[in-house]
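The working numbering puts the first residue of the sequence shown at 10, with every later residue one more than the last.
From the three backbone atoms N, C-alpha and C, an ideal C-beta is built for every residue, glycine too.
So the structure is just underneath, and the comments pick up after that.
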Amino acid sequence: MTDKNSAELKFKSLFENSSDEIYVIDFEENFLEVNKVICDALGYSREELLKMQVKDIKPDKYGDIVESLLETLKKEGSLVFESEHVSKEGKRIPVEIKSRIIDYGKRKAILSIARDITERKQMERKILNAILEAEEKEKERFAKDLHDGIGPLLTSIEIYINIIQSGKVSNAEKQKLLNYIKGLASEASLSVKEISNNLRPSVISRFGLIAAINSMCEKLNSTGVIKVSLVSGNFSDQGISKDIEVTIYRIVNELINNTLKHASAKKISIYFTRDNECLLLNYSDDGIGFNFQETYKSDTHKGMGLSNIISRVNAINGTCRFNSTQESGTEVWIKVKL
């Protein structure tokens with residue numbers, strides 16, 4: 010048996026026995042070959058699919074996107090992206106697709122492997138809803154604190170000012186009212202500071218930075234969607250300012266959200282260490298990665314929160330370095346002087 014025949018048999022075995030949808034199309038988007046999994050998932054027979062095009066199993070909104078993806082694939086040679094398949098009955102199935110150009114017979118074709126990510130999307134929605142719910146509660150608490158704490162003080166100040174402007178008070182009474190106003194203004198200023206401090210996540214205030222991040226990791230691990238490991242050794246929160254603690258917490262949260270939304274990762278690793286002068290954070294995932302320079306220059310980075318992360322690091326006089334390429338995961342190093 011020649012090496013070519015052996016490779017063909019191996020490909021055929023993988024094609025037929027894979028638990029993922031596998032199909033081959035030409036550059037006009039016609040199906041050339043499909044495996045049983047995609048037939049079962051979409052409810053079509055093999056014969057039916059081989060008479061169809063990719064656009065026939067896509068929602069209408071993906072029409073222009075497919076053309077763009079094909080152009081990118083021709084340039085890059087391989088591509089990983091999320092999409093949707095539509096079954097014969099009209100059911101929409103979220104999928105993650107890995108495509109690459111192959112030699113198929115005497116011509117070039119596109120081999121695609123599609124994995125159903127329905128459960129992952131459902132879990133992402135649960136996590137997102139939990140985050141939004143927590144943010145909404147924070148907003149409600151903030152609004153209540155403003156109303157209960159600042160509102161009465163400002164109302165009192167307004168009343169005293171109106172009395173002074175009425176001209177019906179003596180100079181001595183006016184001075185007394187001005188002193189009242191000054192005291193109320195100081196009290197309002199103090200209340201604003203207290204409310205600002207209360208914007209810190211309560212778990213940080215109660216237990217510290219590492220405990221807060223560990224709590225976040227435990228919640229994610231309990232979902233079963235991804236494995237998050239946190240290593241902090243003898244890391245101590247002592248001497249770290251409140252601003253830095255909150256900012257680092259927000260940065261880690263943003264990095265995790267990016268991984269969940271974009272990376273298709275199975276593992277996240279977070280490593281904290283410090284010396285007398287610096288806090289060091291290393292974050293990595295085993296996801297699909299991305300081209301940092303190209304992504305940051307494009308509009309895509311807005312959706313990935315790269316600007317937010319870099320701005321937060323800069324705000325605490327830190328430095329940030331990304332290392333990521335497609336198919337090799339992402340690693341981030343952050344260093345902050347204490």
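- DSSP places residue 161 within a helical segment (H, G or I) once states are collapsed to three.
- Only exposed fits residue 287, as fewer than 16 other CB atoms lie within 10 angstroms of its CB.
- For residue 125, the enclosing beta strand (DSSP E) stretches over residues 116-125.
- Non-local C-beta neighbours of residue 226 in its own chain, meaning closer than 6 Å and more than five positions away in sequence, comprise 237, 239, ordered along the chain.
- Taking C-beta atoms as the reference points, residue 254 and residue 289 fail to come closer than 9 Å.
- Inter-residue distance for residue 141 and residue 231 is about 19 Å (C-alpha atoms, whole angstroms).
- Residue 228 carries a helical assignment under DSSP once its states are collapsed to helix, strand and coil.
- Residue 235: not part of any alpha helix (DSSP H); DSSP gives it neither H nor E.
- It is roughly 30 Å from the alpha-carbon of residue 151 to the alpha-carbon of residue 343.
- Judged by DSSP secondary structure, residue 57 falls within the alpha helix (DSSP H) whose first and last residues are 55-58.
- Between the alpha carbons of residue 284 and residue 345 lies a distance of about 11 Å.
- Taking every protein chain shown into account, the CB of residue 156 has fewer than 16 other CB atoms within 10 angstroms, so this residue is exposed.
- In this structure, DSSP gives residue 301 a helical state, which the three-state scheme calls helix.
- Secondary structure of residue 334 (DSSP, three-state): coil.
- For residue 337, the closest of 191, 185, 138, 276 by C-alpha to C-alpha distance is 276.
- In the structure shown, the three-state DSSP call for residue 62 is strand.
- The C-alpha of residue 268 is placed about 17 Å away from the C-alpha of residue 329.
- Taken through DSSP and simplified to helix, strand or coil, residue 112 comes out as strand.
- Residue pairing from DSSP places residue 294 in a beta bridge opposite 277, 339.
- If the five residues before and after residue 127 are omitted, its C-beta is found closer than 7 Å to the C-beta atoms of 102, 103, all from its own chain and listed in chain order.
- In this model, residue 69 and residue 325 are separated by some 46 Å (Cα to Cα).
- In the DSSP secondary-structure assignment, residue 87 is bridged to 109.
- Among the bridge pairs identified by DSSP, residue 138 is matched with none.
- Counting along the chain, residue 322 sits inside the alpha helix (DSSP H) bounded by residues 315-324.
- Going by DSSP, residue 47 is part of the alpha helix (DSSP H) stretching over 45-51.
- DSSP, reduced to helix, strand and coil, places residue 128 within a helical segment of the structure shown.
- If you look at residue 31, you'll find it isn't in any alpha helix (DSSP H); it sits in the beta strand (DSSP E) that goes 30-34.
- Listed in chain order, the non-local C-beta contacts of residue 81 below 8 Å within the same chain comprise 88, local neighbours out to five positions each way being set aside.
- With a cutoff of 9 Å on beta-carbon distance, residue 334 and residue 272 are scored as not near each other.
- Assignment of beta-bridge partners to residue 103 by DSSP yields 93.
- Separation of residue 33 and residue 99 (C-alpha to C-alpha, rounded to the nearest whole angstrom) is 22 Å.
- For residue 261, the closest alpha carbon among the candidates 247, 118, 278 is that of 278.
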